[in-house]
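Peer 1: A single structure is presented below for examination.
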Amino acid sequence: MNKNNKIEKIFCEIMGLKNTPKNFDKMKIGGITQWDSLANMNLLMALEQAYSIRLSLVEMTEINSIEKIKLKFLKKNKNL
Amino acid sequence: MNILFSSTSFLPPSKKLWKNLNLLSSKLYFDEYNNITMAFNKINNYDSIILLIFLQDINFENKKNLLDIILENLTFCTEKNITVFVAISSYFYNNLIRASKHQSSNELEFIEFKKNIYDISKKNPNLFIIDLDILYRKIGYENIFDTRNWFFSRLRLSNKGIQITDEGISSVITRSILPEKKLLVLDCDNTIWGGVVGEDGYDGILLGNEGIGLAYKEFQKEIKKLKSEGLILALCSKNNDKDVSYVLENNPEMILKKDDIVSFRINWQEKAENIQSIAKELSIGLDSIAFWDDNPLEREKIKNILGEVFVFNVPNEIDLWPKLIAESDIFAKNNLSHEDLKKTEQYKARAQFNKLQKKSLDKYDFLKQIELRPKINNLEINDINRAVQLCKKTNQFNLSTKRYSEKDLILFLNSENYDLFIISAIDRFGDHGKIGLAIIKYIDNKTYLDSFMLSCRILGRDIEFWFLQTLLDKIKQNGKDFLLIEYQKTDRNYIVKNFLESCKFVMKDRSLQSDNTYSINVSTDSKIIEIDSLYE
Chain A
1 MNKNNKIEKI FCEIMGLKNT PKNFDKMKIG GITQWDSLAN MNLLMALEQA
51 YSIRLSLVEM TEINSIEKIK LKFLKKNKNL
Chain B
1001 MNILFSSTSF LPPSKKLWKN LNLLSSKLYF DEYNNITMAF NKINNYDSII
1051 LLIFLQDINF ENKKNLLDII LENLTFCTEK NITVFVAISS YFYNNLIRAS
1101 KHQSSNELEF IEFKKNIYDI SKKNPNLFII DLDILYRKIG YENIFDTRNW
1151 FFSRLRLSNK GIQITDEGIS SVITRSILPE KKLLVLDCDN TIWGGVVGED
1201 GYDGILLGNE GIGLAYKEFQ KEIKKLKSEG LILALCSKNN DKDVSYVLEN
1251 NPEMILKKDD IVSFRINWQE KAENIQSIAK ELSIGLDSIA FWDDNPLERE
1301 KIKNILGEVF VFNVPNEIDL WPKLIAESDI FAKNNLSHED LKKTEQYKAR
1351 AQFNKLQKKS LDKYDFLKQI ELRPKINNLE INDINRAVQL CKKTNQFNLS
1401 TKRYSEKDLI LFLNSENYDL FIISAIDRFG DHGKIGLAII KYIDNKTYLD
1451 SFMLSCRILG RDIEFWFLQT LLDKIKQNGK DFLLIEYQKT DRNYIVKNFL
1501 ESCKFVMKDR SLQSDNTYSI NVSTDSKIIE IDSLYE
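Line by line, the protein sequences are chains A and B.
For the first sequence, the positions run 1 to 80 when my numbering is used.
For the second sequence, the positions run 1001 to 1536 when my numbering is used.
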């Protein structure tokens, strides 16, 4: 699976969406109603599991957009 | 089942995370966290409530802390007949050096709380305690709790912690609804001892106080413990009968003795056939049977042929076996009744009875011979455990197969619209204990036989005729004319229909337009049976 698709798939699953929203790459928390802070936590925890990466408390608080998600999960070990 | 889930700290209400709990509840409602006191006000809308309490969340500086409030409210819940599951974990930050001389006061308070809550649960059938520490310690607190989640969102648990909590709570709730397995069928060679008796000899098998032999011995010990709690045991092994008997009688290391085993199938037939014949002999459903065999081929065969039988996934490492069987959910009970402690005797008596029955030609002669003494009593509160067990477990001789809970039965007991009767019996083969339950319901001037069941181990004695007749006499005494009986068909209870249709004065009730409704005119003097003199 395309790396990008993996994130999209998890995102859609957590948010309960059938299709990836338009402008996915530019989305931020609150961009759709489903993506609230609780959903954000669920999303980050699901991504942690899928990528076997553990986020720190600071990262958990700061990662709030697809851009930052990709930065963290697609480029391992790279700090934000 | 509608469940309210209330916790001392935040829980993410995701269906995916609480997989098992969502599967077993029709509606799982996550309450606001840290709001248990308020949760007690909402319980009327739910069948059950789960309270998840982390010691870390309790503020012990309050004069009256949450634990006191919970204790006060529990009795109130159970008066309202709401099932309460109290899940607790006593994990808190501690230090080995500090703990080397002092027990923390919080810990002491929590121990006290636990003691109190167990005391309440003794008197209270609707209260279950889920000691999560049993599971958490196994996995390790480090893996269960996650401080990052705590500071991020007031969630104490890690992903793994949620998964374990979900599984743990669900297993207790499941067992409060579904019955446990009654019979364990065991292989012999390389299962209850190491080696092959036919080759190694009765004293050459691996069983003893060292190494592998010890593992087998401890495995037997754990099985014996389960037996003492009411599990019944059968041996099914491809072997020479003599060899196995010789081990059971003469090998001093054997923990399981001949007397512990209710049924033997030591032969060269297919195990599936053997298990079916054991089920028949003991009148036990296949879905009440668990099977343990070291041989994966045998396990696969049983899985394929007898899908209802629970087949243990036996690991190759024998050292894991004692723990695996001791910790297995499938035999675990949350309520031990007096009858459980005598199970093996009772099933043996049944097997013996089947033998005598085969020999005896005339049925009435036979019934006289066994000196059966049935007794009927109004159900009392002390009988509730047993009555619930009967409701849960009786599949064959069960008119309506209504799986009433303790809460239901207590409700009936206190209601004027219901009469509940429990019957017990003694005969030459022993005290069978409480073996049947009947519930009579009075609605709109009509009298219904709501539930009517007999434990399968008592069948074959025509006790069902006596039971029904005795009920009719009681109904007549109460001035009622007709008893309506609605048979509710399941896969297993056709014998009840046969019974009803064999009773002389039971008529099909046409007014109710159902093929399965019967009525009995109680006011006529006729007896449904002529054999009551047998029981005098």
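Backbone N, C-alpha and C fix where the C-beta goes; we use that ideal spot for every residue, glycine too.
Using a Cβ cut-off of 7 Å, which residues of the segment 19-42 of chain A contact any Cβ in chain B, in chain order?
Peer 2: Those residues of the segment 19-42 of chain A that come within reach of chain B (Cβ to Cβ, closer than 7 Å) are 38, 41 and 42.
Peer 1: Taking only the alpha-carbon atoms, compute the straight-line gap between residue 1007 of chain B and residue 1249 of chain B and give it to the nearest angstrom.
Peer 2: Along the second sequence, one-based indexing puts residue 1007 of chain B at 7. Along the second sequence, one-based indexing puts residue 1249 of chain B at 249. Approximately 54 Å, taken between the alpha carbons.
Peer 1: Would you identify the three-state DSSP class for residue 1247 of chain B, choosing helix, strand or coil?
Peer 2: Within the second sequence, the letter at position 247 stands for residue 1247 of chain B. It is helical.
Peer 1: Compile a chain-ordered list of the residues in the segment 1035-1064 of chain B whose CB is closer than 8 Å to at least one CB of chain A.
Peer 2: Against chain A - using a Cβ distance shorter than 8 Å - the segment 1035-1064 of chain B contributes no residues.
Peer 1: Helix, strand or coil: how does DSSP classify residue 1486 of chain B here?
Peer 2: Within the second sequence, numbered from 1, the residue matching residue 1486 of chain B stands at position 486. If DSSP states are grouped into helix, strand and coil, residue 1486 of chain B belongs with the strands.
Peer 1: Under 7 Å Cβ-Cβ, which residues of chain A neighbour residue 1156 of chain B?
Peer 2: The residue labelled residue 1156 of chain B in the question sits at position 156 within the second sequence. Near residue 1156 of chain B there are no residues of chain A at all, since even the closest Cβ is about 14 Å away, more than 7 Å.
Peer 1: Are the beta-carbon atoms of residue 1194 of chain B and residue 1184 of chain B separated by less than 7 Å?
Peer 2: Within the second sequence, numbered from 1, the residue matching residue 1194 of chain B stands at position 194. Within the second sequence, numbered from 1, the residue matching residue 1184 of chain B stands at position 184. Against a cut-off of 7 Å, the Cβ pair of residue 1184 of chain B and residue 1194 of chain B comes out as no contact.
Peer 1: The segment 1159-1180 of chain B: which residues have C-beta closer than 8 Å to a C-beta of chain A, in chain order?
Peer 2: Listed by position, the residues of the segment 1159-1180 of chain B near chain A (Cβ gap below 8 Å) are 1159.
Peer 1: The beta strand (DSSP E) that contains residue 1296 of chain B, what's its start and end?
Peer 2: Taking the first residue of the second sequence as position 1, residue 1296 of chain B is located at position 296. That residue, residue 1296 of chain B, is in no beta strand (DSSP E); its alpha helix (DSSP H) goes 1296-1305.
Peer 1: Taking all protein chains shown into account, do 16 or more other C-beta atoms lie within 10 angstroms of the C-beta of residue 1349 of chain B, making it buried, or fewer, making it exposed?
Peer 2: Reading the second sequence from its first residue, position 349 is the one you call residue 1349 of chain B. Buried, because 16 or more other Cβ atoms sit within 10 Å of the Cβ of residue 1349 of chain B.
Peer 1: What did DSSP end up calling residue 1097 of chain B once you bin it into helix, strand or coil?
Peer 2: If you number the second sequence from 1, residue 1097 of chain B lands on position 97. Note: residue 1097 of chain B maps to coil in three-state DSSP.
Peer 1: Do residue 1314 of chain B and residue 1287 of chain B have their beta-carbon atoms positioned less than 7 Å apart in this structure?
Peer 2: For the purposes of this step, residue 1287 of chain B is taken as the residue at position 287 of the second sequence. For the purposes of this step, residue 1314 of chain B is taken as the residue at position 314 of the second sequence. Cβ atoms of residue 1287 of chain B and residue 1314 of chain B: not closer than 7 Å.
Peer 1: Straight-line CA distance for residue 1002 of chain B to residue 1168 of chain B?
Peer 2: Translated into positions along the second sequence, residue 1002 of chain B becomes position 2. Translated into positions along the second sequence, residue 1168 of chain B becomes position 168. Approximately 18 Å, taken between the alpha carbons.
Peer 1: Specify whether the segment 1024-1031 of chain B and the segment 1053-1069 of chain B touch according to this definition: at least 3 beta carbon pairs, one from each stretch, less than 8 Å apart.
Peer 2: Counting Cβ pairs under 8 Å, fewer than three are found: no touch.
Peer 1: Where does residue 1373 of chain B fall in DSSP's three states?
Peer 2: Sequence index remark: in the second sequence, residue 1373 of chain B carries index 373 (1-based). Reduced to three states, the DSSP call for residue 1373 of chain B is strand.
Peer 1: List the DSSP bridge partners of residue 1430 of chain B.
Peer 2: What you label residue 1430 of chain B is simply residue 430 of the second sequence in a count that begins at 1. Looking at the DSSP assignment, residue 1430 of chain B forms a beta bridge with B/1427.
Peer 1: Just to make sure I have the definition right: I need the residues of chain E whose C-beta is within less than 8 Å of the C-beta of residue 60 of chain A. Which are they?
Peer 2: In the displayed structure, chain E is absent; the protein chains listed are A and B.
Peer 1: Thinking C-beta only, is residue 1186 of chain B closer than 7 Å to residue 1268 of chain B?
Peer 2: For this step, residue 1268 of chain B is matched to residue 268 along the second sequence. For this step, residue 1186 of chain B is matched to residue 186 along the second sequence. Their beta carbons are not under 7 Å apart, which means residue 1268 of chain B does not touch residue 1186 of chain B by this criterion.
Peer 1: Interface residues of chain B around residue 52 of chain A at Cβ under 9 Å?
Peer 2: Translated into positions along the first sequence, residue 52 of chain A becomes position 52. Those do not exist, as residue 52 of chain A stays about 12 Å from chain B at its closest Cβ, beyond 9 Å.
Peer 1: Is the shortest distance between the beta-carbon of residue 1012 of chain B and the beta-carbons of chain A less than 7 Å?
Peer 2: For the purposes of this step, residue 1012 of chain B is taken as the residue at position 12 of the second sequence. At least one chain A Cβ lies under 7 Å of residue 1012 of chain B.
Peer 1: How many whole angstroms separate the CB atoms of residue 1235 of chain B and residue 1284 of chain B, which I take to be in contact at a CB cut-off of 8 Å?
Peer 2: Looking up residue 1235 of chain B in the second sequence gives position 235. Looking up residue 1284 of chain B in the second sequence gives position 284. That belief does not hold up - the Cβ atoms of residue 1235 of chain B and residue 1284 of chain B are roughly 15 Å apart, past 8 Å.
Peer 1: Which residues of chain B have a Cβ atom closer than 7 Å to the Cβ of residue 45 of chain A, listed in chain order?
Peer 2: One-based indexing of the first sequence puts residue 45 of chain A at position 45. By Cβ distance, chain B contributes 1159.
Peer 1: Between the Cα of residue 1036 of chain B and the Cα atoms of B/1022, B/1018, B/1025 and B/1058, which residue gives the shortest distance?
Peer 2: Looking up residue 1036 of chain B in the second sequence gives position 36. Selected option, being the one with the closest Cα: B/1058.
Peer 1: Roughly how far, in whole angstroms, is the beta-carbon of residue 1116 of chain B from the beta-carbon of residue 1071 of chain B, given that I think they are within contact range, below 8 Å?
Peer 2: Position 116 of the second sequence, counting from 1, holds the residue named residue 1116 of chain B. Position 71 of the second sequence, counting from 1, holds the residue named residue 1071 of chain B. Correct: roughly 6 Å between the Cβ atoms.
Peer 1: Apart from the five residues just before and just after residue 1178 of chain B, which ones in its own chain have a Cβ nearer than 7 Å to its Cβ?
Peer 2: Indexing the second sequence from 1 puts residue 1178 of chain B at position 178. Taken in chain order, the list of residues that qualify is empty.
Peer 1: Roughly how many angstroms separate the alpha carbons of residue 80 of chain A and residue 56 of chain A, rounded to a whole number?
Peer 2: Along the first sequence, one-based indexing puts residue 80 of chain A at 80. Along the first sequence, one-based indexing puts residue 56 of chain A at 56. Reliability of the predicted coordinates at residue 80 of chain A is poor, the pLDDT of 44 falling under 50, and no value is obtained from them.
Peer 1: Determine whether the beta carbon atoms of residue 1220 of chain B and residue 1261 of chain B lie at a separation below 7 Å.
Peer 2: Within the second sequence, the letter at position 220 stands for residue 1220 of chain B. Within the second sequence, the letter at position 261 stands for residue 1261 of chain B. Not closer than 7 Å, so no.
Peer 1: Is residue 57 of chain A close to chain B? Criterion is C-beta to C-beta, closer than 7 Å.
Peer 2: Here residue 57 of chain A refers to the residue found at position 57 when the first sequence is read from its first residue. Yes, contact with chain B.
Peer 1: Please state the DSSP three-state secondary structure of residue 1205 of chain B.
Peer 2: Counting from one through the second sequence, the residue named residue 1205 of chain B turns up at place 205. Three-state result, residue 1205 of chain B: coil.
Peer 1: Put residue 1133 of chain B into one of helix, strand or coil per three-state DSSP.
Peer 2: One-based indexing of the second sequence puts residue 1133 of chain B at position 133. If DSSP states are grouped into helix, strand and coil, residue 1133 of chain B belongs with the helices.
Peer 1: Taking the Cβ atom as the reference point for each residue, do residue 1067 of chain B and residue 1010 of chain B lie within a distance shorter than 7 Å?
Peer 2: To locate residue 1067 of chain B, count along the second sequence from 1; it is residue 67. To locate residue 1010 of chain B, count along the second sequence from 1; it is residue 10. Contact: no.
Peer 1: Return the Cβ separation of residue 1087 of chain B and residue 1130 of chain B in integer angstroms, given the expectation that the two are a contact with Cβ distance under 8 Å.
Peer 2: The residue given as residue 1087 of chain B occupies position 87 in the second sequence. The residue given as residue 1130 of chain B occupies position 130 in the second sequence. Confirmed, Cβ separation roughly 4 Å.
Peer 1: Is residue 1399 of chain B helix, strand or coil when you go by DSSP?
Peer 2: For this step, residue 1399 of chain B is matched to residue 399 along the second sequence. Correct three-state label for residue 1399 of chain B: coil.
Peer 1: Which of the three DSSP states, helix, strand or coil, is assigned to residue 1104 of chain B?
Peer 2: Taking the second sequence and counting its residues from 1, one reaches residue 1104 of chain B at position 104. Three-state result, residue 1104 of chain B: coil.
Peer 1: With DSSP run on the structure shown, which of helix, strand or coil describes residue 27 of chain A?
Peer 2: As a first step, residue 27 of chain A is located in the first sequence; it is residue number 27 there, counting from the start. Note: residue 27 of chain A maps to coil in three-state DSSP.
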